[in-house]
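A quick write-up on the structure given underneath.
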Amino acid sequence: MAPLLCIEKLRVTFRTRYGEVTALDSISMHVNEGETLGVVGESGCGKSITALATMGLIPSPPGRIADGSIQLAGEELIGANSARLRKLRGGDIAMIFQEPMTSLNPVFTVGDQIAEAITLHQNVSADRAFTDAVALLDRVGIPSPDRRARDYPHQLSGGMRQRVMIAMAVSCRPKVLIADEPTTALDVTVQAQIFDLLNEIQRDFGAAIILITHDMGAISEMADRVAVMYAGRVIEEGSADSILDQPQHPYARGLIDCIPTLGRAERTLKEIPGVVPPLHLLGAGCAFAERCAFNDRARCTTEKPRLIDHGHHPAACHGVEESRL
Amino acid sequence: MSERALNKAESPALEAWRIFRRNVPALIGVVILTVIVLATLYGSFIYTGDAFEIVWAPHEPPGVTPDFPLGTDYLGRSVVAGMLTGGGPTLAVGAAAAAITMVIGVTLGALAGFHGGWVDNLLMRITEFFQVLPALLFAMVLVTLFSPSLLTIAIAIGVVSWPQTARLTRAEFLKVKELEYVTAARAIGARDARIIWKVILPNAAPPLIVSATLTIGVAILFEAGLSFLGLGDPNVMSWGLMIGANRDYILDAWWPVTFPGLAIFLTVFAVSLIGDGLNDAFNPKMRER
Amino acid sequence: MSASYLMKRVGYGLLLMLGVVILNFLLIRLAPGDPAVVIAGEMGGATEEMLESIREEYGLNKPLLTQLWIYVSGVVRFDLGQSFFFNQPVTTLIAQRILPTILLVITAQILSILLGVFLGVIASRKPGGVVSAFVSVFATIGYAVPVFWTGIMLIILFASILPIFPVEGMLSVKLRDANIFVQALDVLHHLVLPAFTLAIIYLAQYARLGRASMLEVLGSDYIRTARAKGASERSVLFKHALRNAALPILTVAGLQFGNLISGALLVETVFNWPGMGRLAFDSILRRDYPTIMGVLFFASFMVVVANILTDMSYRWADPRLRGKS
Chain A
1 MAPLLCIEKL RVTFRTRYGE VTALDSISMH VNEGETLGVV GESGCGKSIT ALATMGLIPS
61 PPGRIADGSI QLAGEELIGA NSARLRKLRG GDIAMIFQEP MTSLNPVFTV GDQIAEAITL
121 HQNVSADRAF TDAVALLDRV GIPSPDRRAR DYPHQLSGGM RQRVMIAMAV SCRPKVLIAD
181 EPTTALDVTV QAQIFDLLNE IQRDFGAAII LITHDMGAIS EMADRVAVMY AGRVIEEGSA
241 DSILDQPQHP YARGLIDCIP TLGRAERTLK EIPGVVPPLH LLGAGCAFAE RCAFNDRARC
301 TTEKPRLIDH GHHPAACHGV EESRL
Chain B
326 MSERALNKAE SPALEAWRIF RRNVPALIGV VILTVIVLAT LYGSFIYTGD AFEIVWAPHE
386 PPGVTPDFPL GTDYLGRSVV AGMLTGGGPT LAVGAAAAAI TMVIGVTLGA LAGFHGGWVD
446 NLLMRITEFF QVLPALLFAM VLVTLFSPSL LTIAIAIGVV SWPQTARLTR AEFLKVKELE
506 YVTAARAIGA RDARIIWKVI LPNAAPPLIV SATLTIGVAI LFEAGLSFLG LGDPNVMSWG
566 LMIGANRDYI LDAWWPVTFP GLAIFLTVFA VSLIGDGLND AFNPKMRER
Chain C
615 MSASYLMKRV GYGLLLMLGV VILNFLLIRL APGDPAVVIA GEMGGATEEM LESIREEYGL
675 NKPLLTQLWI YVSGVVRFDL GQSFFFNQPV TTLIAQRILP TILLVITAQI LSILLGVFLG
735 VIASRKPGGV VSAFVSVFAT IGYAVPVFWT GIMLIILFAS ILPIFPVEGM LSVKLRDANI
795 FVQALDVLHH LVLPAFTLAI IYLAQYARLG RASMLEVLGS DYIRTARAKG ASERSVLFKH
855 ALRNAALPIL TVAGLQFGNL ISGALLVETV FNWPGMGRLA FDSILRRDYP TIMGVLFFAS
915 FMVVVANILT DMSYRWADPR LRGKS
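And the structure:
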């Protein structure tokens, strides 16, 4: 069976003062029905751009989808007309954003904002939509939902607001739910609650989830499959178990080493040295070469590694390819 | 990171100047203003003539008689002479009124922002009170009561225009007051007056400089409005007075009204281009909008 | 909206008005010369009997505080004294003139806000585009043109070249006896040029402000949320964004009201509009102080009322402020 959402060789460029910069370099990934795909990487690696491209929300100009395809249940989204995309946005594909504090409109009640999402995609009366909104607030675990529906965002806590965002996102039973760092801005205890809620929602609504995060802990808790991104490319892809147990790419290994483990007596948290290079300074070689401890071949600085399966799951690394690691 | 930032740290003023001198509209403003100022200062040496003197038949159109290139007004006075001598009072009053506005506004705003508490409360209530009075009307009343002269007009404009400056200064002071170097100055035991004038004010200066520039523009418009209404100094020719005096005859002769109006417009236009340029120069990040 | 907050605002407004009354009182006494002569009007050619009756009425022989009391208690009874030039009570004079001024000021205010905001919204769609550049240039020009000169230029244009709008007065003489509907239309016809002249300055400012605040709002997270739920571009602009961008515009509109009245003064003089500005101009020429002071009092009163209304609508428009005092 074909995957529900399939991104193929997607290339997104941005016009900047340094010229045309490639933000996504031929990335491919897919997610199946009812599955959770974790997309992981540091900030600036292209995770959020991937999400926005899927939603058809790349700000243009300066952004542009230069090449590739995004198919939802066999329907091509790139080049689809804007009316059709609007129908899909919030309908078949919904998204939860990182900042619950600023992602809700401050001048409308949360009930109205959820009800708007409902009336945009379903042929129901405003009253009915509001009743549905209250039911959804109840579903996402907001106490006394009929009263809360009449509250404005500033009257709710961050965790509550993220629940409202989730209620809004699932209001039209989307096939794909994209969650872009949904817990980053929240307290640790609230984070766990939100993940539990997402799991429940997935069970009840049967949506596929794309979870975008930089937190390998969240991945291990939520994801079935994982795509690791670095500097606008997918550098490793596979089942969550396989990647967590047998990370191939030195960057993926680094990320997994960063997970603090209870009981392990480490004095300091590990981190990967260096930063993601700015996109306009990417050279011909592997984007990770400068930070890589195993960068000992000329190839690493002259040739971009391709994503190839070397046994466990696909990874894009010359070292892995040559079995040096 | 740009190489410039790596190579040498520029002083903010130098940085601002570097941005400003590349700002084409602002430079146009500087050029226009320079021409106008030079014309009002030295123009009467080139074109000699008394703006009040009746020298020709009334309503001579511009461009007909070489002696009166901009024509004559309803009494037969030379419009060029009025243009050249009428700019001086307008510019002088504008600059003086802006200075008075800034002195009152910055002083009260600084005191309110620095001291807070009841001082702030009292000064802000006074500010609000002055904002309730429609500025031009209040200025008209002041000028009428204390008989019009260039000085009373400048004072009247200053007295009615300071509240906005005071609010801006207060807001800037509230912002700067919390910064570390102010705390540091307090920690080494600097006196209040020293902290206000030597530590906070220089750091709050950029928006105040922009505001001062724009205030000059507003003050010039004020002066023009008062002179237009006949509330200027009756013994001094000014652009506003020319418009006011000739406005009953506009359908017979457009030129004695049009040229002074253009002059006022160009002056204020130039000043606000410069003000915008300064604003951009002090806030480079805003330019990317 | 809490009634107690409204009461507080009204109370403060009354206090400000008391301040205006005291200021008026002090101004007359601070002016050089005999207050009785000042009140009678220097050009009124007051006789000694008149001056004596003024001294009697205002209690000018009594201590200053008693004089103040007499003055304030008069104002409370809406007695602002007698105009010796017009030979009528000042309150009567102003009552005849206040409606045309309100009509002019409100029309100009609405015109400038609607047109200005509309231009600003259009400009914000393309920050680097033609409309945007036009708005910036137009705003600077609108700010720099003396309003009375704009009026005169429009009179020249519409009196001789394009005679489609009347350039003087408020009502055609020949329609003195026409029915009210015809008269109302004629007043509107006369209103076009003065209202437009007055609106130009503020129109430009609102366009510039509208553009800036729309640009800021359009970059915010909740706009992305609105797009993500499939809202149409028009709904994003005029519902989600404008409601938020309107808040700073509302603030400025309130602060500008006093300047609008100042501008109306000049515009009324240029177009012979029979309002308070025209009255102020006439009475200043005649040094008719009681009338001038009366105009100052009522103009300030209008500003106070406008400020209270602005405050109230601001609290209505921004739910974050409701319930605070």
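Residue numbers (this note's numbering), protein chains in the order written: chain A, 1 to 325; chain B, 326 to 614; chain C, 615 to 939. Cβ atoms here follow ideal geometry from the backbone N, Cα and C, with glycine treated the same way.
Per DSSP, cross-strand counterpart(s) of residue i
i: I308 (chain A); result: A:A315
i: I7 (chain A); result: A:M29 and A:I70
i: Q702 (chain C); result: C:S697
i: Y230 (chain A); result: A:R233
i: G238 (chain A); result: A:V226
i: D180 (chain A); result: A:I212
i: V40 (chain A); result: A:T213 and A:V228
i: E76 (chain A); result: A:Q71
i: M621 (chain C); result: Per DSSP, none; premise fails for M621 (chain C).
i: L24 (chain A); result: A:V12
i: S403 (chain B); result: B:T397
i: R64 (chain A); result: A:T13
i: M95 (chain A); result: A:I178
i: R89 (chain A); result: A:I93
i: I603 (chain C); result: A query on residue 603 (chain C) cannot be resolved here, the shown segment of chain C reaching from 615 to 939 and no further.
Whole-angstrom C-beta distance between residue j and residue i, which should lie under 8 Å
i: A544 (chain B); j: G419 (chain B); result: 4 Å
i: G38 (chain A); j: M222 (chain A); result: 7 Å
i: L718 (chain C); j: P808 (chain C); result: 6 Å
i: A737 (chain C); j: S746 (chain C); result: 4 Å
i: L198 (chain A); j: V40 (chain A); result: Going by Cβ atoms, the distance from L198 (chain A) to V40 (chain A) rounds to 16 Å, so no, they are not a contact pair.
i: P100 (chain A); j: R148 (chain A); result: Contact flag wrong, Cβ pair sits at about 14 Å.
i: G891 (chain C); j: T715 (chain C); result: 6 Å
i: Q246 (chain A); j: E236 (chain A); result: Not a contact, Cβ separation roughly 10 Å.
i: D902 (chain C); j: F692 (chain C); result: Not quite, the Cβ-Cβ distance comes to about 18 Å (not below 8 Å), so this is no contact.
i: Q98 (chain A); j: D180 (chain A); result: 5 Å
i: L817 (chain C); j: G730 (chain C); result: 4 Å
i: F553 (chain B); j: F732 (chain C); result: About 31 Å separates the two Cβ atoms, so there is no contact after all.
Proximity to residue i [Cα-Cα], best of the options
i: P532 (chain B); options: B:E503, B:G555 and B:T494; result: B:T494
i: V643 (chain B); options: B:F377, B:L554 and B:I513; result: Nothing about residue 643 (chain B) can be reported from this structure: the residues present for chain B run from 326 to 614 only.
i: G734 (chain C); options: C:V652, C:I668, C:L785 and C:L832; result: C:L832
i: L447 (chain B); options: B:N348, B:A515, B:A491 and B:I357; result: B:A491
i: V405 (chain B); options: B:T359, B:I589, B:F590 and B:P581; result: B:P581
i: I814 (chain C); options: C:T721, C:T705 and C:L694; result: C:T721
i: I201 (chain A); options: A:T50, A:D215 and A:M168; result: A:M168
i: F852 (chain C); options: C:M828, C:H804, C:I775 and C:R838; result: C:M828
i: P383 (chain B); options: B:L400, B:L598, B:P585 and B:V431; result: B:L400
i: L10 (chain A); options: A:G19, A:I65, A:E33 and A:V21; result: A:I65
i: Q113 (chain A); options: A:D92, A:L136, A:A53 and A:I93; result: A:L136
i: H310 (chain A); options: A:I209, A:A208 and A:G319; result: A:G319
i: A208 (chain A); options: A:D196, A:R150 and A:T36; result: A:T36
i: I766 (chain C); options: B:L576, B:A464 and B:I534; result: B:L576
i: W381 (chain B); options: B:L366, B:T365 and B:D398; result: B:D398
i: E20 (chain A); options: A:P62, A:H154 and A:D138; result: A:P62
i: I940 (chain C); options: C:G743, C:V759, C:L805 and C:A792; result: Chain C is shown only over 615 to 939; residue 940 (chain C) falls outside these bounds and no answer can be derived.
i: I166 (chain A); options: A:T189, A:F205 and A:T131; result: A:F205
_If the cut-off is 7 Å on Cβ atoms, which residues from the region 731-763 of chain C count as contacting chain B, listed in chain order?_
P741, T754, I755, Y757, A758, V759, P760, F762 and W763
*Looking at chain A, which residues of the region 917-932 of chain C have a Cβ within less than 9 Å of any of its Cβ atoms?*
A931 and D932
*Report yes or no: do the region 911-929 of chain C and the region 858-877 of chain C share at least 3 C-beta pairs separated by less than 8 Å?*
yes
*Does the region 561-575 of chain B come within contact of the region 427-439 of chain B, defined as at least 3 CB pairs closer than 8 Å?*
no
*Compile a chain-ordered list of the residues in the region 903-914 of chain C whose CB is closer than 9 Å to at least one CB of chain B.*
Y903, I906, M907, V909, L910, A913 and S914
*Using a beta-carbon distance cut-off of less than 9 Å, what residues from the region 455-474 of chain B approach chain C?*
Q456, V457, L458, P459, A460, L461, L462, F463, A464, M465, V466, L467, V468, T469, L470, F471 and S472
*Using a Cβ cut-off of 7 Å, which residues of the region 499-520 of chain B contact any Cβ in chain C, in chain order?*
none
_the region 451-461 of chain B / the region 514-524 of chain B touching (three or more Cβ pairs under 8 Å)_ = no
*If contact means a Cβ-Cβ distance below 7 Å, which residues of the region 711-725 of chain C contact chain B?*
none
*Identify each residue in the region 846-872 of chain C for which the Cβ-Cβ distance to at least one residue of chain B is less than 7 Å, and report them in chain order.*
G872
*Do three or more CB pairs link the region 4-18 of chain A to the region 47-62 of chain A at distances below 8 Å?*
yes
*State whether the region 839-858 of chain C contacts the region 83-90 of chain A, with contact taken as three or more CB pairs (one from each stretch) at a distance under 8 Å.*
yes
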